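Below is one structure, written out as structure tokens, with a few remarks after it.
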Amino acid sequence: MSSGGVLGIGQGGAAAADASESRRQDAALLVRLRRGDPDAFELLVRTHQDRLYDFCVRMVGDREEAHDLVQEIFVSVHQNIRRFREDAKLSTWLFRITRNHCINRLKYLKRRGRGRSEEYDEATALFTEGGGTAPGPDAALETARERARVQWAISQLEPDARLLVALRDIEGLSYDEIIDITELPEGTVKSRLHRAREKLADLLGRLEP
Numbered sequence: 001m002s003s004g005g006v007l008g009i010g011q012g013g014a015a016a017a018d019a020s021e022s023r024r025q026d027a028a029l030l031v032r033l034r035r036g037d038p039d040a041f042e043l044l045v046r047t048h049q050d051r052l053y054d055f056c057v058r059m060v061g062d063r064e065e066a067h068d069l070v071q072e073i074f075v076s077v078h079q080n081i082r083r084f085r086e087d088a089k090l091s092t093w094l095f096r097i098t099r100n101h102c103i104n105r106l107k108y109l110k111r112r113g114r115g116r117s118e119e120y121d122e123a124t125a126l127f128t129e130g131g132g133t134a135p136g137p138d139a140a141l142e143t144a145r146e147r148a149r150v151q152w153a154i155s156q157l158e159p160d161a162r163l164l165v166a167l168r169d170i171e172g173l174s175y176d177e178i179i180d181i182t183e184l185p186e187g188t189v190k191s192r193l194h195r196a197r198e199k200l201a202d203l204l205g206r207l208e209p
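For the sequence shown, UniProt numbering gives the first residue as 1, with consecutive numbering after it.
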């Protein structure tokens, strides 16, 4: 299996020069954020909100819930930015906060009886994924169907497994970043991700016509 896992995405990484420039930009932005610069916070939101929203959708499987989560996440970021110890990249810290909010929201939804669906319903999945809002060419419809299948399969994983698949195979984060986010040993991350990929492949295989 490729390093991208079942989904075949999330491969590759930034060049050293790009990484260095990213760290420099993060440091400059942090200085402004800690001074309470509202323009800096607006820049932070614009830069990261779409990616965090997509991650939340993968985790909770509901776009309205994900929208609410992102708002809560940035409130939390605003309240805690001065506590950021710079022990990781700024984006990694944001994912750490997002992970905590998503896990807590999943626990809340489970208590409310809004757990994962055991059966795949294409119409419902397409609507949830946003691909069923309007008819389109066959290729676009098939892409939407595939995205819906993947989202349904991810939703069947346990939250910890879902988290690893989303971080590695969809977001394309490095193992070092995932270790920083999850605070798990590397061996545990890799073994759990391997099992999650096997489960995901099995679930997607069941949906093959």
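C-beta: ideal position from N, C-alpha, C; glycine also. Remember, it's a predicted structure, so these values are computed and weren't measured experimentally.
Please work out which residues of its chain come closer than 8 Å, Cβ to Cβ, to residue i, disregarding the five sequence neighbours upstream and downstream, and give them in chain order.
i, result
"His194", "none"
"Val57", "Arg63, Ala66, Gln151"
"Ile97", "Ile73, Ser76, Val77, Asn80"
"Phe84", "Leu30, Leu90, Trp93"
If you follow the alpha helix (DSSP H) that residue i is in, where does it begin and where does it stop?
i, result
"residue 270", "Summary: the structure shown does not reach residue 270, with the chain confined to residues 1 through 209, and so no result is reported for it."
"Ala161", "159-165"
"Asp177", "Checking the sequence shown, residue 177 turns out to be Glu, not Asp. Start and end: 175-182."
Which whole-angstrom value describes the C-beta separation of residue i and residue j, a residue pair presumed to lie in contact below a C-beta threshold of 8 Å?
i, j, result
"Thr92", "Ile170", "About 16 Å separates the two Cβ atoms, so there is no contact after all."
"Ile154", "Leu200", "7 Å"
"Leu141", "Ala196", "Not really, about 28 Å apart at Cβ, beyond 8 Å."
"Leu52", "Val70", "6 Å"
"Leu94", "Leu30", "Their Cβ separation, rounded to whole angstroms, is 12 Å, which puts Leu94 and Leu30 out of contact at 8 Å."
"Phe55", "Ala144", "So it is not a contact: roughly 19 Å between Cβ atoms."
Grab me the residues of residue i's own chain with a C-beta within less than 6 Å of its C-beta, minus the 5 sequence neighbours each way, in chain order.
i, result
"Glu177", "Thr92"
"Gly61", "Ser155"
"Ala161", "Ala196"
"Asp37", "none"
Considering only residues of the same chain and omitting the five flanking positions on each side of residue i, which have a CB-CB separation below 7 Å?
i, result
"Glu186", "Tyr175, Ile179"
"Ala134", "Because the pLDDT at Ala134 is just 49, under 50, the model does not fix this residue reliably, and the point stays unresolved."
inquiry  = What ranges does the alpha helix (DSSP H) occupy inside the UniProt domain "RNA polymerase sigma-70 region 2" (44-111), keeping only unbroken runs of at least 4 residues that lie completely in it?
reply    = Runs of the alpha helix (DSSP H) inside the UniProt domain "RNA polymerase sigma-70 region 2" (44-111): 63-80, 90-111.
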